[in-house]
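Chemist: Handing you a structure now.
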Ligand code: GLA
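In the numbering used here, the protein residues as written are 5 to 667.
Take a look at the structure:
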């Protein structure tokens, strides 16, 4: 990441950013003037323009029509609304697929996916690349130095996967680089199994649909390749932009915990980390899930501020049953992002579409127009964000780190394992939840991160771990850290080969414990803490033995350890050989926090209330259905209202306070 460019480049003169995707090509020009007027009234200071405008700019191969975009940018610039200008390469026009069908993606069954929707491109197609890059070059040449241009938005939600012959050829090139020669590849993929040995590079294809289970090492390399192939294309676009506009930051919008793209390897390639986030109003775990995603974005940004590129004012249109958001909900969610490090709050989209596949998606200006309850809330929110300008750039300090890794996620969830009910993101959320409930801030980090600054490191699952990363976890504990490791961790190496011997082989010493069998459970499993208190575990158990660790909980029937705690070196390592019910995981978390000497932002936080400290501001957000009283001590000022607070703060459902506190 270029140190010089970042969110501060955008916020230093504007404070927090507020706006959304603006698709003026869907509207006659007379609507544009009204849009800009409404944007100003709502305090909009950033809009994303042009994400799906390829066909409008290049109506036929090689043509260019920038006139309309000149006028849009002119209007926005006159109104001092900054533009996040998109390279429109996520949705090629029909002429590309019609004339060059090889640019269209192919699924794992060999079926081509057609135009008439969006995202229909093969990232490895030379024709797609050439056409996309030529358009990006002309776009950058035209708008370099334009007063409206504040940020580049490369593509949209990268995630395409393609199994065509060109992708297979690119996969082979990638494999040659990774493995060197065919013997090394055969070894890494374990191709002596099921007679899969490759005798020539050309025999290797993408993991296309096959009669039975696919080789897991091949599948793992495929995940890696797909993420890298997209990254290569992103970089090619970015380099064109960077060369022409070195002072304009560049981003591409992420999708939270999105499996196909390893965001740890992407984040350093952009100046601003941005994310699209659509909490499901029908899911009671949404507030914690969303907080986790925001913490991931802050981690990807290396602790610096990030941009919430897309969220929705109310219902989306792509769930089977699209529950709307009650009044106050999108504001609550927006402020949750601010509390967790976002310096920009943008929405999909500005004005609700009249036509097209997203005509039932909520927007900042609904079909019913600006004189509506929803738009009034948008306007009020845009205005109140100005009161939080001083929060921009402030850090969110955390003493707890949670390790998450894409390669391990990919490797864990291959088919043909002991239980497909043990999933990486479910594990992540279950360990995050008790920390969130206690108002403990967490940094999401990759396994290679420096850990010594953290009092507690939680590893919900690290099925795949390298020797170096396992050694770093061991060192962390020896040096005085507190580590919590969840089940089925440390099982395979980077090739997805099982590490033989008692598990988890590379962590056995630090955990002071080891196991010999994985025992997915047919039903709930009774457990008890050392003091006899009972709890239930589910789904997964392991046959473990203590080797220096103390068994702090055991499986009631077998008497074998279920949770182990090992004092070693200067630190403490915990191992959880099962999936405890939430209350028990809460108890375990409380004990590990005590070991680490970490406390939440507010003691005695009522259920449903989220507490986060950002800089000198304590955010309290009530996600619950009841009013809640939060014990805050000392005088403070609510930045959102200017009101003074001293003593307990009462929060109505969906209410937020942003208390500037001392100390
Ligand atoms: C994503 C896309 C947008 C739009 C929204 C709808 O975030 O980037 O173009 O499709 O989803 O929720």
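Note that CB positions come from ideal geometry on N, CA and C, so glycine has one too.
#1: Would you identify the three-state DSSP class for residue 529, choosing helix, strand or coil?
#2: Spell out a yes or no on whether the stretch 35-52 and the stretch 130-149 are touching, meaning 3 or more CB-CB pairs, one atom from each, closer than 8 angstroms.
#3: Three or more C-beta pairs closer than 8 angstroms, one from the stretch 130-137 and one from the stretch 83-100: is that the case here?
#4: Taking the alpha-carbon positions, what's the residue 248 to residue 158 distance?
#5: I need the boundaries of the alpha helix (DSSP H) containing residue 639, first residue and last residue.
#6: Comparing the CB of residue 262 with every heavy atom of the ligand GLA, is any distance shorter than 7 angstroms?
#7: To the nearest whole angstrom, what separates the beta carbons of residue 54 and residue 83, a pair I think is in contact under 8 angstroms?
#8: Under a Cβ-count criterion, where at least 16 other Cβ atoms within 10 Å of its own Cβ denotes burial, should residue 490 be classed as buried or exposed?
#9: Return the bridge partner residues of residue 546 from the DSSP annotation.
#10: Is residue 162 close to the ligand GLA? I mean its beta-carbon at under 7 angstroms from any heavy atom of the ligand.
#11: Would you identify the three-state DSSP class for residue 609, choosing helix, strand or coil?
#12: Would you call the stretch 164-180 in contact with the stretch 229-239, where contact means no fewer than 3 C-beta pairs closer than 8 angstroms?
#13: Taking residue 147 as the reference, which of 176, 75, 33 has the closest Cα?
#14: In the DSSP output, which residue or residues are listed as bridge partners for residue 24?
#15: State the beta-bridge partners of residue 156 as determined by DSSP.
#16: Just the Cα atoms here: how many angstroms apart are residue 676 and residue 256?
#17: Along the chain, where does the beta strand (DSSP E) containing residue 190 start, and where does it finish?
#18: Assign residue 364 to one of two classes, buried (16 or more other C-beta atoms within 10 Å of its C-beta) or exposed (fewer than that).
#19: Going by the DSSP bridge assignment, what does residue 297 pair with across the sheet?
#20: By Cβ distance below 6 angstroms, which residues in the same chain neighbour residue 201 in space, the five residues on each side in sequence not counted?
#21: Hey, would you say the C-beta of residue 322 is under 7 angstroms away from at least one heavy atom of the ligand GLA?
#22: Less than 7 angstroms separating the Cβ of residue 280 from some heavy atom of the ligand GLA?
#23: Closest by CA to residue 102, which one among 548, 119, 458, 560?
#24: Please report how far the alpha carbon of residue 477 lies from the alpha carbon of residue 580, in whole angstroms.
#25: Going by the C-beta, is residue 125 closer than 7 angstroms to any heavy atom of the ligand GLA?
#26: Closer than 7 angstroms to a non-hydrogen atom of the ligand GLA - does that hold for the CB of residue 452?
#27: Taking DSSP as the reference, what is the three-state secondary structure of residue 361?
#28: By the three-class DSSP mapping on this structure, what secondary structure does residue 651 have?
#29: Can you find the residues in the same chain that come closer than 8 angstroms, C-beta to C-beta, to residue 498, ignoring five residues on each side of it along the sequence?
#30: Please give the ranges of any beta strand (DSSP E) in the stretch 258-340, keeping only runs that are unbroken, at least 3 residues long and fully inside the region.
#31: Quick check on the DSSP output: the beta strand (DSSP E) that includes residue 206 runs from which residue to which?
#32: Could you tell me how far apart the beta carbons of residue 348 and residue 21 are, in whole angstroms, since I believe they sit closer than 8 angstroms?
#33: If I'm right that residue 674 touches residue 327 with Cβ under 8 angstroms, what's the distance once you round it to whole angstroms?
#34: Could you give the DSSP three-state label for residue 119: helix, strand or coil?
#35: Along the chain, where does the alpha helix (DSSP H) containing residue 414 start, and where does it finish?
#36: Within a Cβ cutoff of 8 angstroms, which residues of the same chain sit near residue 386, ignoring the five residues on either side of it in sequence?
Modeler: So, from the data block:
#1: The answer is strand: DSSP assigns residue 529 an E or B state.
#2: no
#3: Judged by pairs of C-beta atoms under 8 angstroms, the stretch 130-137 touches the stretch 83-100, as three or more such pairs exist.
#4: 14 angstroms
#5: That residue, residue 639, is in no alpha helix (DSSP H); its beta strand (DSSP E) goes 639-642.
#6: no
#7: Going by Cβ atoms, the distance from residue 54 to residue 83 rounds to 17 angstroms, so no, they are not a contact pair.
#8: buried
#9: 522
#10: No, the beta carbon of residue 162 sits no closer than 7 angstroms to any heavy atom of the ligand GLA.
#11: DSSP, read as helix, strand or coil, puts residue 609 in coil.
#12: yes
#13: 75
#14: 51, 351
#15: Residue 156 is bridged by DSSP to 89, 254.
#16: Only positions 5 to 667 of the chain appear in this structure, which leaves residue 676 out of reach.
#17: Run containing residue 190: none in the beta strand (DSSP E); it sits in the alpha helix (DSSP H), 186-193.
#18: exposed
#19: Residue 297 pairs with nothing; no bridge assigned.
#20: 190, 195
#21: Yes, Cβ of residue 322 sits closer than 7 angstroms to a heavy atom of the ligand GLA.
#22: yes
#23: 119
#24: 16 angstroms
#25: no
#26: Distances from the CB of residue 452 to the heavy atoms of the ligand GLA are all 7 angstroms or more.
#27: coil
#28: When secondary structure is reduced to three states using DSSP, residue 651 falls in the coil class, being assigned neither helix nor strand.
#29: 411, 468, 470
#30: List check, beta strand (DSSP E) in window: 278-280, 310-314.
#31: Element bounds for residue 206: n/a, residue is neither H nor E.
#32: 3 angstroms
#33: What is shown of the chain runs 5 to 667, which leaves residue 674 out entirely.
#34: coil
#35: First-last of the alpha helix (DSSP H) with residue 414: 410-416.
#36: 22, 46, 47, 48
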